[in-house]
Amino acid sequence: MSKHEMMETAEVVGGRTARAAEAVERLTRWHDDFPTPGVRFADLTPVFADAEGFRTVLDCFASCAPDADLVAGVDARGFLLGAGVAALLGTGVVAVRKAGKLPPPVISREYTLEYGSAALEIPADGIDLKGRRVLLLDDVLATGGTLAAAAELFKAAGAEIIAAAVVLELGFLNGRDRQGDYPLTSIVKL
115 MSKHEMMETA EVVGGRTARA AEAVERLTRW HDDFPTPGVR FADLTPVFAD AEGFRTVLDC
175 FASCAPDADL VAGVDARGFL LGAGVAALLG TGVVAVRKAG KLPPPVISRE YTLEYGSAAL
235 EIPADGIDLK GRRVLLLDDV LATGGTLAAA AELFKAAGAE IIAAAVVLEL GFLNGRDRQG
295 DYPLTSIVKL
C-alpha cells in the first residue's frame with residue numbers, strides 16, 4: 115500500500131471510528147464485579163442489538179483492512195463481529211474457539227487474562243490458512259492475552275495478521291503492548 119493509500123485509509127477509518135465510538139459510548143452497559151470481584155464488565159449486547167450501532171461498528175472494522183481475504187472473530191462476541199465484517203468484505207470467516215469446542219486436530223494457544231487463564235483453538239486442517247491475509251476481531255482488549263494468542267494461532271498456521279480491531283480497549287491494562295506489529299484499531303479507548 116502506498117503512503118497516499120495509507121493516508122486515505124486512515125481518514126476513512128478515523129471518520130468511521132468516530133461514528134462507531136458515539137454508538138459504543140451511548141449503548142454500552144457496564145456491570146461492576148462481573149465475572150469476578152474487581153472486574154468491570156463492558157456489556158456490548160445493547161450495541162449489537164441496535165441496528166445503527168452494530169452497523170457503524172461493522173463498517174469501522176471493515177475499513178481497517180479492506181484487502182483482507184479472511185476475517186477471524188474471537189470467541190464469543192467476536193463471532194458476531196467477524197461474521198458481519200466478512201459479509202461486508204465478501205470474505206470467509208474463521209471462529210477462534212475456546213479450548214475443547216473443536217474436534218481434533220487443532221492448533222492451540224494458552225494465554226492469561228485479567229481474571230485467570232484459558233486457551234484458544236483453530237482447526238489444524240480443513241481450512242488452508244497458508245498465505246491468507248487475516249483481519250482479527252475481538253470485542254475488548256484488556257491485558258492483551260486473548261488477542262495475542264489468536265494472532266499466534268494464525269501465524270502458526272502460516273497466515274498473516276494484516277490488522278486487528280476491537281470495540282473497546284482498556285488502555286490502563288496495557289494490552290496493546292502484547293500485540294504484534296500489525297495495526298490495531300480500537301473504537302473506544304478507556
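Just remember that the working numbering sits 114 ahead of the position in the sequence shown, which is counted from 1.
Where a beta carbon is used, it is the ideal one built from N, C-alpha and C, also for glycine.
Computed from a predicted model, the values in this text were never measured in an experiment.
Going along the chain, which unbroken runs of the alpha helix (DSSP H) with 4 or more residues stay wholly within the segment 166-233? 191-203
I'd like to check one pair, Asp253 with Leu158: are the Cβ atoms closer than 8 Å? yes
Reduced DSSP category for Pro160 - H, G, I as helix; E, B as strand; rest coil: helix
Relative to the C-alpha of Leu255, which residue among Ala179, Lys212 and Leu227 is closest? Leu227
If you draw a straight line from the alpha carbon of Ser231 to that of Tyr225, how long is it in whole angstroms? 6 Å
Select from Ala134, Leu195 and Ala265 the residue whose C-alpha is nearest the C-alpha of Thr170. Ala134
Option nearest Gly258 by Cα separation, candidates Gly294, Ala179, Phe168 and Gly245: Gly294
First through last residue of the alpha helix (DSSP H) which encompasses Lys269: Gly259 to Ala270
CB contact flag (Arg290, Glu283, <8 Å): yes
Per DSSP, what kind of secondary structure is Thr137 in: helix, strand or coil? For the record, residue 137 in the displayed sequence is Ala; it is not Thr. Three-state result, Ala137: helix.
Continuous beta strand (DSSP E) stretch holding Ile241: start and end: Here Ile241 belongs to no beta strand (DSSP E), and DSSP marks it neither H nor E.
Using 8 Å as the cut-off, can you tell me whether the segment 160-174 makes contact with the segment 198-210, which would need three or more C-beta pairs spanning the two stretches below that distance? yes
Roughly how many angstroms lie between the CA atoms of Val126 and Ala213, to the nearest whole one? Caution applies to Val126, whose pLDDT of 47 falls short of 50 and renders its modelled position unreliable; the value that the coordinates give is listed next. Distance between the alpha carbons of Val126 and Ala213: 36 Å.
Would you tell me roughly how many angstroms separate the C-alpha atoms of Leu234 and Arg223, rounded to the nearest one? 5 Å
On the premise that Val210 lies in contact with Leu267, defined as a C-beta separation below 8 Å, what is that separation, rounded to the nearest angstrom? 7 Å
Would you mind working out which of Arg154, Arg247, Arg191 and Phe286 sits nearest Val280, comparing C-alpha positions? Arg191
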